[in-house]
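Enquirer: Using this note's numbering, you'd call the opening residue of the sequence shown number 1 and step up by one each time.
All residues carry an ideal CB built from backbone N, CA and C; glycine is no exception.
Structure incoming, see below.
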Amino acid sequence: MKSQIIAELGKVYIVAELSGNHGGDIRNAKLLIDKAKEAGVDAVKLQTYTADTITLDCHNAYFDVPDGLWSGKNYYELYQEAHTPWEWHKELNDYAKQLGLTLFSTPFDETAVDFLETTLQPPFYKIASFELTHIPLLEKVAQTCKPVIMSTGMATEAEIGEAVDTLRSHGCPEIVLLKCISQYPADPKAFHLNTLPLLREKFHCAVGISDHSIGDVVVLGAVALGACFVEKHIVLSRDADAVDAAFSSTPEEFADLVKKIRLLSAAMGKAHIGPSSQEMSELRSRRSIFVSKDMRKGDIFSPENIKIVRPSNGLAPKFWHDVLGKRANRALERGQPLSYDSVE
């Protein structure tokens, strides 16, 4: 995990989520992987389920999406439309590897874990917010002894604690908790990003962000607060008839986001008080005490003949009051930096 997710200091692991934005066409899925690679991400992610493994083919009010982006749709029909065919997984994994990208997935039931273990052997797993309370699934994933990234949308502190304990007690070696708002698109004001340090401290986990909002402010705020993992949906075009297009980033937006994350990560640096290496040459532009009027030996130093000016070759300004009223021990020329060996 530490070699993949919690990378070297300042490195944020960036993931492009394909979800159902391929629109049921594997060519679009590969094109999304191409665009993710061009954007500079570290990995791409799939979702592994079928309509039958996630819900029932049942048409009553219980199985209708009540509100939000997919309001009025039947769950079974929605997941039929949005799922990534399992027979695509190996081909997409091989394609991503050829491009130098890691591909992994979110399993939504135990059969998906078995499938992924035998087909992809992913380096780690993702748990979706809606599955955080699916304890049998967490046990199954943890038993692979692979790291887990887990979204925490909707979850209470107690539910997160139970999920973390379940993963750890069943063999999971490392967990990254993602702050997430399960709203599509999500309102940036709902994130309360200051929760990130609290999650890290309370559950002794690395933290990250799974962002369904429009724009990049949430991601950048999370990175500034220590997120080591960023997940965001990618779509070929927001005008495309894709299931998650409304809250996904276009390739151009994703590339811009990656650049901002990398720059912000570099700017965060490490805790350090003192001049940077880039500033050292600028120290000469600080002020110091210079002779402002020709002086003879024995003249008294006063504001009439010395000044605090740039550059920094003379005595530091903090010695100003020490020098005033004392005498010059030799003749001094205007423009000469004052030093203590010129003062009686």
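#1: Rank Ile14, Arg327 and Leu18 by C-alpha distance to the C-alpha of His349 and give the top, closest one.
#2: Tell me whether Leu103 sits in a helix, a strand or coil according to DSSP, three-state version.
#3: DSSP three-state call for Leu264: helix, strand or coil?
#4: Which runs of the beta strand (DSSP E) spanning at least 3 residues fall entirely within the segment 85-164, listed in chain order?
#5: Determine, using beta-carbon pairs with one atom in the segment 184-197 and one in the segment 210-229, whether at least three such pairs fall under 8 Å.
#6: Spatial neighbours of Ala16 within its chain, please: CB distance less than 6 Å, with the 5 preceding and 5 following residues excluded, ordered by chain position.
#7: Roughly how far, in whole angstroms, is the beta-carbon of Thr53 from the beta-carbon of Phe108, given that I think they are within contact range, below 8 Å?
#8: Pair every Cβ in the segment 143-153 with every Cβ in the segment 174-193, then say whether three or more of these pairs are closer than 8 Å.
#9: Measuring alpha carbon to alpha carbon, tell me which of Thr144, Glu87, Lys297 and Cys228 ends up nearest Asp114.
#10: Determine the extent of the beta strand (DSSP E) in which Gly208 is found, giving its start and end residues.
#11: Do you know offhand how far Glu159's Cα is from Leu167's?
#12: Return the CA-CA distance between Arg330 and Asp294, expressed in angstroms with no decimal places.
#13: Could you check if Lys232 is buried or exposed, using at least 16 other CB atoms within 10 Å of its CB as the buried criterion?
#14: Could you check which residue in Ser302, Pro173, Gln183 and Asp216 has the C-alpha nearest to that of Cys205?
#15: For Asp244, list the residues DSSP reports as bridge partners.
#16: Where does the unbroken alpha helix (DSSP H) through Tyr13 begin, and where does it stop?
#17: Measure the C-alpha to C-alpha separation of Leu287 and Ala266 and round it to an integer number of angstroms.
#18: Rounded to a whole number of angstroms, what is the C-alpha to C-alpha distance between Gly24 and Leu78?
#19: Can you list, in chain order, the residues of its chain whose CB lies under 8 Å from that of Gly72, leaving out five sequence neighbours each side?
#20: Pick helix, strand or coil for Ser277, following the three-state DSSP scheme.
#21: Return the CA-CA distance between Ala328 and Ser276, expressed in angstroms with no decimal places.
#22: Indicate whether Leu99 and Ile33 have their beta-carbon atoms separated by less than 8 Å.
#23: Who pairs with Ser249 in a beta bridge, going by DSSP?
#24: For Asn93, count the other beta carbons within 10 Å of its own beta carbon; 16 or more makes it buried, fewer makes it exposed. Which is it?
#25: Determine which residues share a DSSP beta bridge with Thr48 and list them.
#26: So, at 6 Å on beta carbons, what are the nonlocal neighbours of Gly335 in its own chain, with the 5 sequence-adjacent residues on each side left out?
#27: Since Leu371 and Glu110 should fall inside the 8 Å C-beta cutoff, what is the C-beta to C-beta distance between them, to a whole number of angstroms?
#28: On a CA-only basis, which of Cys228, Val218 and Pro251 is nearest Met268? Give me that one, please.
#29: Return helix, strand or coil for Pro337, following the three-state DSSP convention.
#30: At the level of alpha carbons, what is the spacing between Gly325 and Pro337?
#31: With distances taken Cα to Cα, identify the nearest neighbour of Trp86 among Thr102, Ala112, Ala245 and Ala96.
Expert: Put simply:
#1: Outside the shown range of the chain (1 to 344) lies residue 349, about which nothing can therefore be said.
#2: strand
#3: helix
#4: 102-107, 125-127 and 148-151
#5: yes
#6: Ala36, Val41, Val44 and Ile234
#7: 6 Å
#8: yes
#9: Thr144
#10: Ala206 to Asp211
#11: 12 Å
#12: 11 Å
#13: buried
#14: Pro173
#15: None, per the DSSP bridge assignment.
#16: Careful: Tyr13 lies outside any alpha helix (DSSP H), inside the beta strand (DSSP E) at Tyr13 to Glu17.
#17: Checking the displayed sequence, the identity of residue 287 turns out to be Arg instead of Leu. Roughly 31 Å separates the two Cα atoms.
#18: 12 Å
#19: Asp64 and Val65
#20: helix
#21: 37 Å
#22: yes
#23: Ile234
#24: buried
#25: Pro107
#26: none
#27: Outside the modelled stretch of the chain, which goes from 1 to 344, sits residue 371, for which no answer is possible.
#28: Cys228
#29: strand
#30: 18 Å
#31: Ala112
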